[in-house]
Amino acid sequence: MSATKNVYGVGGGHPRNGLVALYAKCGRIDRARAVFDGLGERTVVSWTSMILGYAQNGQPLEALIIFGLMRKLNVKPDWIVLVSVLKAYTDVEDLGHGTSVHGCLIKMGLQFELDLLIALTAMYAKSGQVMAAKSFFDQM
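So this is what it looks like as structure tokens:
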């Protein structure tokens with residue numbers, strides 16, 4: 004059902020997941036959060052939409068708070084969440100936690116998609132770790 008397809012490129016579920024994503028994409032993060040808070044059962048799509056929304060709307064700390072709640076509830080993140088979280092850690096200049104996300108990516112055995120490589124390159128470059136940044140850049 005295309006109406007439930009998340010505008011961030013992750014699929015379906017409840018139509019309200021699409022609303023969370025739509026509001027976030029349009030910069031109405033307050034409305035996205037209201038819909039998110041009203042969801043009875045949150046899926047990885049719900050969490051992804053909210054984290055990505057905060058990260059893309061210049062609120063990296065809020066993205067990280069939502070990520071912390073997601074982890075506390077044992078919801079397994081997908082690579083889209085992890086890209087958003089890497090961006091948020093880069094924005095708040097927290098390399099320590101960013102490298103732990105990098106370790107999580109390795110443990111999960113996720114293939115390093117272009118978006119992940121870009122996020123890792125940016126994180127390591129911004130922190131001054133030029134060789135690490137170059138190694139990810141070279142994989143693109």
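In my numbering, the protein residues as written are 4 to 143.
In this text, a Cβ means the ideal position worked out from N, Cα and C, and glycines have one as well.
In its chain, beyond the 5 residues on either side, L117, L120, I121, T124 have a beta carbon closer than 8 Å to the beta carbon of M143.
With contacts defined by Cβ atoms closer than 8 Å, I54 and V78 do not form a contacting pair. In the three-state scheme derived from DSSP, where H, G and I count as helix and E and B as strand, E96 is classed as coil. In the three-state reduction of the DSSP assignment, D81 falls in the coil class.
When DSSP states are grouped into helix, strand and coil, L113 belongs to the coil group. Relative to L72, the option among F39, S138, G131, Q59 whose CA is nearest is F39. Annotated as distal: V86 and F70, with beta-carbon spacing of 8 Å or more. One thing to note: A27 has its Cβ no nearer than 8 Å to the Cβ of G61. For N20, the enclosing alpha helix (DSSP H) starts and ends at 18-28.
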